[in-house]
Every structure is written in C-alpha cells, then in structure tokens.
Amino acid sequence: MVLGEEEIVQHFGSVRLIGGESLVSHRTVFSKDSKILFCCCGRRIRVYSTSTGDLLRELKGHEGKVTDIKVNPRNHLQLVSCSTIGDVIYWDYTDGRILKKYRFGGIIEGLLVHPAHNESVFLIRKKPFKSKETQNKRRIKEAKGP
C-alpha cells in the first residue's frame, strides 16, 4: 500500500462447506482465456463459467473416474482427459463432443500435453501393486532355483 492511500475493504460474504468433505478431489483447470473452469467430478467433467459461476455443461464419456484434465496447448478449444480404467479422451468443450477416444488399460493417474509434441500425450500410469504373498513366492522360487 502506498503512503497516503486509503485501504479499500470489500466484504464478499462467507463460504461454508456442508457435508465435511472437499468438493474437488483433483486439480481444477482454467481455459486459456480464464473464462471457463473445468472440474473432475467422478466419471464426468463439469464446465463452469468463471464470470457467472453457472454450470455450462457436463462432459460425459468416461467409464472410470476422471483423474486428470488438461487444455490442449495446440488447440485451446479442446480438452484432454484420462481415467482410472485407461481412457484418454479429446473433447471439444464448447459443445461437449468427444473428438477422439483411446483405451490404454490400467490406471492412468495423470497426463502431460506439450505443444512441441504434436498430437502426443504423455501418460502417468500407476504401477500395479504386488502383494507380500506374491513377493514371498518369488523369493522362495529364487531360493530353490530352477
């Protein structure tokens, strides 16, 4: 604050969470012009207007829980999303259409999209967990030999 200026105080009311849990489990994403907010909500992606807060549409097409969303850096009207069952979907978020859908299988925890890599998506996959029983069987087999 500059000396001699008055501080402008604005009161916006209060925000209250009812139900005791977060409404968002994954990071939200803004469109390039910051006019649209995308939010992962189970198997759907909700598209909100940042100026009004209105829900504009829901993007439906994933069979598993949506784990990550990114705006396509090569086309700012497209969104790329992935899910827990290995789906990757390219969306036209202005009208909610699916442009491309791929199935890779396995749990995809996230994705990266870079403008230098045309039409490429880098997937972050969850490595399958091996139980202690499986690890112990392998150790016994290795100890016994072939």
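Mind the numbering: the sequence shown is residues 1 to 146 in the UniProt record's numbering, read in order.
Cβ coordinates follow ideal geometry from the N, Cα and C atoms, glycine included.
Under 8 Å between C-beta atoms of residue i and residue j
| i | j | result |
| --- | --- | --- |
| Gly64 | Thr94 | no |
| Val66 | Ser81 | yes |
Chain-order list of residues whose beta-carbon lies under 6 Å from that of residue i (same chain, five-residue window excluded)
| i | result |
| --- | --- |
| Gly110 | Asp68, Ile124 |
| Arg44 | Glu58, Lys60 |
Segment limits, beta strand (DSSP E) that includes residue i
| i | result |
| --- | --- |
| Gly105 | Per DSSP, Gly105 belongs to no beta strand (DSSP E) and is neither H nor E. |
| Thr67 | 66-71 |
| Asp92 | 87-92 |
| Ser81 | 78-83 |
| Ser49 | 44-49 |
Residue closest to residue i, alpha-carbon to alpha-carbon, out of the options
| i | options | result |
| --- | --- | --- |
| Lys101 | Val113, Phe122, Gly86 | Gly86 |
| His62 | Val113, Asn118, Lys126, Ile107 | Ile107 |
| Cys41 | Gly53, Arg27, Asp54, Ser31 | Arg27 |
Three-state secondary structure assigned by DSSP to residue i
| i | result |
| --- | --- |
| Glu58 | strand |
Own chain partners of residue i with C-beta closer than 8 Å, once the 5 adjacent residues on each side are dropped
| i | result |
| --- | --- |
| Phe122 | Leu111, Leu112, Val113, His114 |
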